Structure formats: structure tokens, C-alpha cells
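> With the numbering used here applied, the sequence shown corresponds to residues 5 to 284, in that order.
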Amino acid sequence: MSAISNRLESRAVFLRGLIQSAGELVMQGFGASRQIEIKGPQDYLTETDALCEAFIRQQLAAEYPEDAFFGEETGGHSGDNIWVVDPIDGTANFARNIPHFCISIAFVSQGRTEIGAIYNPSLEEMYFARRGMGATLNDRPIQAAQTSVPEVASIEFGWSARVPNISYMRVLDALLDAGFNARRAGSGALGLAYVADGRSDGYAEIHMNSWDCLAGLLLVEEAGGRVCPFLELGTIETGGPVLASAPRIAAVLSCATGIALAESEDRCEDEGRAEVQQAG
Ligand code: IPD
Ligand code: CA
């Protein structure tokens, strides 16, 4: 085994244990009375988010002091080898006792996501992917759906107050016009994981942060889905548009959302293509 694959294997094994322990910590706060702060419009923070990120950060620093860290609650610094962490994705659900939330952790090396893990501790569902080695749910291989027409496709279209309402409404209109059923369940990371295991046919969001989407995008790629070139746009710190799709409807979903796919030569007829206006 080469030094690089050794390095990745060690981190993958460590990550499985770490995210499981973080899940136990999060479950101690689930359903309990808790303090909730509001970071911005529709942007919640519970004490468990902070505790969980501190736990993950401290464990990673002790095991891999040479690696960089970037987390939703405490930020961090970039580096060639970096852990990108969302301690609770779907905090609004968590805060209201809805069991649709998760921990999402990605390991990015030289600008490429190499390992991704998403864990929903309330359902004990652990999604895991390593680049080139496939994606699993609780150790069973998963595959994106083979849905081929929008009229029977259900996708999730994520929303945040970071994007102007009018931009969201335009893309939603284009999605509905194209025939998709568009849902929103409040955890972008789980929304992406559900594309990887075929529960959902696609996930789109006009602006997402890297901690919400890197693990999920790797899961979808490794499960045979198609994704946008998120990291190629240099978006670890800034975030950017996100698209992940079952392979056979990816081109039409890309046209409806206006979000490009990686390595794509697909062309859209101009009419019907929504214009993505970035946040900021
Ligand atoms: C949010 C959720 C939501 C997505 C937003 C995220 P949070 O993260 O993933 O589904 O649409 O873009 O900010 O606040 O629950 O960690
Ligand atoms: Ca999040």
C-alpha cells in the first residue's frame, strides 16, 4: 500500500469511529430542553451544535495535528489536507425534535474530496464513501436511482436566507414546469445522501456551504450519480451552487436549475433555463 493510500485508509477508519461517537453526543441533546440561539434569519444554533463541533475538532487535532480543519460553527484555516465539518446539519429540525438531521464530515486532500461520511444518529444510518471505492449505507453498497423522466422524479430543492427569494422562486418555477416534484426537508447533507441511495432523484441548492455538501457530493459521485464541479470553483470558504442527480435526469435538472454539471457537454435550450443568481 502506498503512503497516500495508507494515509487515507487510516483517516477513513478513524472517521467511522469519530462520527459514531459524535452521533451519541448529539443524541444526548435530542429531545432535551435546550438553549437555542438565532445566528441570522432562519439560521439556528443549539448548544449541541457547539459541543459536537468542539468534540470533533479536538479529536481530529489530537489524532492528526498536521491536518487543517474548517467547521460550520468555529471556522478554521485552509490547508492541502483539510477536514470540513458540519456538526449538525438540519439544526432547525433538530431544534424542533424532528429526526431528520445528521453530522457531515469530509476529508479533502489537494483540492479533492477523498472521504465523506454522513450519519443520522436518530435512525442509525451511516453513509460512507471513499473516492474510487463506492458508497455505502450501513456498510451496504448504494446506487443512485435510474429514474429517466422528470414527470416521475422527486427531487429536493434546498433553501436558505442567503439567496434572494426571487432567485429561489424562479428556479422552483422552472423545476415545476419541467415536471419535477420539488420537496424541501431541511437537511441538505441528508438530501444529498438520499440521492446517493436512490430515495431521491436529485438535490439542488443555489448556494450551499462546503460543510453542508462535500461529503454528500462524494457519496453521489461514488453511487453513480452526477454532480456539479463544486470544489473546482474554489468554494471551501465561500460555498457555491450545488447540484447532484440520478444520472438519467441530470441534464434536464441542470437546465432547469441553471447549475452546471462536471464534465458536461449537455446543452440547454435557452428558454426554460433558470438563471442562477448567486448569493452575496
Ligand atoms: C442548512 C440545511 C438546509 C440547507 C441550508 C443549510 P443547517 O444547514 O442544510 O437544508 O438548505 O443551505 O444552511 O443550518 O441546518 O446546518
Ligand atoms: Ca449545515
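In this text, a Cβ means the ideal position worked out from N, Cα and C, and glycines have one as well.
Computed from a predicted structure; not experimentally measured.
#1: Measuring only the C-alpha atoms, how far is Leu-141 from Glu-269?
#2: Is DSSP giving Pro-245 helix, strand or coil here?
#3: Alpha carbon to alpha carbon, how far is Phe-74 from Ser-214? Give it in angstroms, no decimals.
#4: Can you tell which of Trp-163, Ile-253, Ala-36, Arg-174 has its C-alpha closest to the C-alpha of Met-212?
#5: On the DSSP letters alone, give me the boundaries of the alpha helix (DSSP H) that Ile-2 sits inside.
#6: Keeping to the same chain, check which residues put their C-beta closer than 7 Å to that of Val-188; ignore five residues upstream and five downstream.
#7: Taking its Cβ as the centre, do 16 or more other Cβ atoms sit within 10 Å of Met-173, making it buried, or is it exposed?
#8: Does the separation of the CB atoms of Ile-23 and Ile-107 fall below 7 Å?
#9: Just to confirm, are Gly-229 and Ala-250 a CB contact at a threshold of 7 Å?
#10: Below 6 Å, is the gap between the Cβ of Asp-47 and the nearest heavy atom of ligand 2?
#11: Could you say which of Gly-79, Asn-97, Ala-96 lies nearest to Val-89 if we only look at CA atoms?
#12: Give a yes or no on whether the C-beta atoms belonging to Asp-201 and Ile-146 are separated by under 7 Å.
#13: Identify which residue in Ile-102, Ala-266, Arg-135, Gly-136 has its Cα closest to the Cα of Leu-127.
#14: Within 10 Å of its beta-carbon, does Gly-238 have 16 or more other beta-carbons around it, so buried, or fewer, so exposed?
#15: Relative to ligand 2, is the shortest distance from any of its heavy atoms to the C-beta of Asp-93 smaller than 6 Å?
Looking at the atomic coordinates:
#1: 31 Å
#2: strand
#3: 9 Å
#4: Trp-163
#5: With the chain running from 5 to 284 in the structure shown, residue 2 is simply not present.
#6: Correcting the residue type first, residue 188 is Arg in the shown sequence and not Val. Hits under 7 Å: Glu-160, Phe-161, Gly-162, Trp-163.
#7: exposed
#8: yes
#9: yes
#10: no
#11: The option with the nearest alpha carbon to Val-89 is Gly-79.
#12: yes
#13: Ile-102
#14: Gly-238 comes out exposed.
#15: yes
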